[in-house]
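Novice: I'd like to ask you about the structure that follows.
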Amino acid sequence: MKKTHTRKPMSMDLEHIGMLHSEAIEQLDLMYTTLEAAEQASDTMRDSLDDMSANHWDAYMDVIHLICMHDEALSSALKRYSTRVGEVQEAQGERQFSLHRVCLLFLLLALLRHHRRLEHIFKLRSNPMSDYFQESLTMEREHISNLITLTQKLM
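Here it is, written out as structure tokens:
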């Protein structure tokens, strides 16, 4: 008789998750800077900065994929918002940032704040308020998933 094994959830290495969120923050910050500079630039320079922004978004999505490998709750939240992490979407034509640049900047700021919040919460895990933080983590994951989906649609 074959014995079935139940899959044990991987325990989270909080230091590693924190480092991944730091990298996500870094990529979003770089993307924000290039989008903001592109707002003031013209022609070829703006196109180059838009390409850099797209590269930072792709790097950010790679980091999100790594986070989801360790954080199953974030992965399922992303799936609920119909984003397939790790799935490369081929752009039809060129990405046009100029139409949605201001909205993208605000979405990036929101993503930055949520990642900083998660990074902060993961550092406080041994705190007496751990039940509150557990609920807060769920909410932050949902918000990040929703913001990623909105940003992805604009791009």
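Under my numbering, residue 176 is the last one in the sequence shown; the count climbs by one each step, no gaps.
All C-beta atoms in this analysis are idealised placements derived from N, C-alpha and C, irrespective of residue type, glycine included.
Since the model is a prediction, treat every value here as computed from it, not as a measurement.
Check whether the Cβ atoms of I46 and L133 sit closer than 9 Å, and answer yes or no.
Specialist: Residue 46 sits at position 25 when you count from the first residue of the sequence shown. Residue 133 sits at position 112 when you count from the first residue of the sequence shown. Going by C-beta atoms, I46 is nearer than 9 Å to L133.
Novice: Please list, in chain order, all residues of the same chain as L129 whose beta carbon is under 8 Å from its beta carbon, the five residues on each side excluded.
Specialist: Sequence index remark: in the sequence shown, residue 129 carries index 108 (1-based). Result list for L129: L49, M52, Y53, L56 and T172, in chain order.
Novice: Do you know whose CA, among D152, R162 and A58, lies nearest I85's CA?
Specialist: By one-based count along the sequence shown, residue 85 stands at place 64. The option with the nearest alpha carbon to I85 is R162.
Novice: Provide the residue span of the alpha helix (DSSP H) that contains D64, from first to last.
Specialist: Here residue 64 corresponds to residue number 43 of the sequence shown, with the count starting at 1. Its alpha helix (DSSP H) spans residues D64 to H91.
Novice: Give the straight-line distance between the Cα atoms of R101 and Y81, rounded to the nearest whole angstrom.
Specialist: Along the sequence shown, read from residue 1 onward, the residue named residue 101 stands at position 80. Along the sequence shown, read from residue 1 onward, the residue named residue 81 stands at position 60. Computed Cα separation, rounded: 19 Å.
Novice: Can you check which of these residues, S74, A98 and D64, is closest to L126 by C-alpha distance?
Specialist: If you number the sequence shown from 1, residue 126 lands on position 105. Among S74, A98 and D64, the Cα nearest to that of L126 belongs to S74.
Novice: Helix, strand or coil, according to DSSP, for M176 in the structure here?
Specialist: Here residue 176 is taken as the residue at index 155 of the sequence shown, counted from 1. It is coil, neither helix nor strand.
Novice: Which stretch, first to last residue, makes up the alpha helix (DSSP H) that contains Y53?
Specialist: Within the sequence shown, residue 53 is the residue found at index 32, counting from 1. Here the alpha helix (DSSP H) through Y53 covers L35 to Q61.
Novice: Rounded to the nearest angstrom, what separates D71 and E140 at their Cα positions?
Specialist: Taking the sequence shown and counting its residues from 1, one reaches residue 71 at position 50. Taking the sequence shown and counting its residues from 1, one reaches residue 140 at position 119. Cα to Cα, D71 sits roughly 28 Å from E140.
Novice: Can you tell me whether DSSP reads H121 as helix, strand or coil?
Specialist: The count along the sequence shown starts at 1 and reaches residue 121 at position 100. The answer is coil: DSSP assigns H121 none of H, G, I, E or B.
Novice: Could you tell me the alpha carbon to alpha carbon distance between K174 and N167, rounded to whole angstroms?
Specialist: Start at 1 with the first residue of the sequence shown, and residue 174 comes out as number 153. Start at 1 with the first residue of the sequence shown, and residue 167 comes out as number 146. C-alpha separation (whole angstroms): 11 Å.
Novice: When the Cα of I254 is compared with those of H135, S151 and D152, which residue comes out closest?
Specialist: Given that the chain is displayed from residue 22 to residue 176, the structure contains no residue 254 and the question cannot be resolved.
Novice: Using the C-alpha atoms, what's the distance from Y153 back to C89?
Specialist: For the purposes of this step, residue 89 is identified with residue 68 of the sequence shown, where counting begins at 1. For the purposes of this step, residue 153 is identified with residue 132 of the sequence shown, where counting begins at 1. Rounded to whole angstroms, C89 to Y153 spans 22 Å at the Cα level.
Novice: Out of curiosity, what's the CA-to-CA distance linking E60 and D79?
Specialist: Walking along the sequence shown from the start, residue 60 turns up at place 39. Walking along the sequence shown from the start, residue 79 turns up at place 58. Computed Cα separation, rounded: 20 Å.
Novice: If the criterion is Cβ atoms closer than 9 Å, does the pair L99 and T159 meet it?
Specialist: Against the sequence shown, residue 99 aligns to sequence position 78. Against the sequence shown, residue 159 aligns to sequence position 138. No, these two residues do not count as a Cβ contact at 9 Å.
Novice: Using beta-carbon positions only, say whether L137 and S157 come within less than 9 Å of one another.
Specialist: Position 116 of the sequence shown holds residue 137. Position 136 of the sequence shown holds residue 157. Per the sequence shown, residue 137 should be read as Arg rather than Leu. Result no, Cβ atoms of R137 and S157 do not sit closer than 9 Å.
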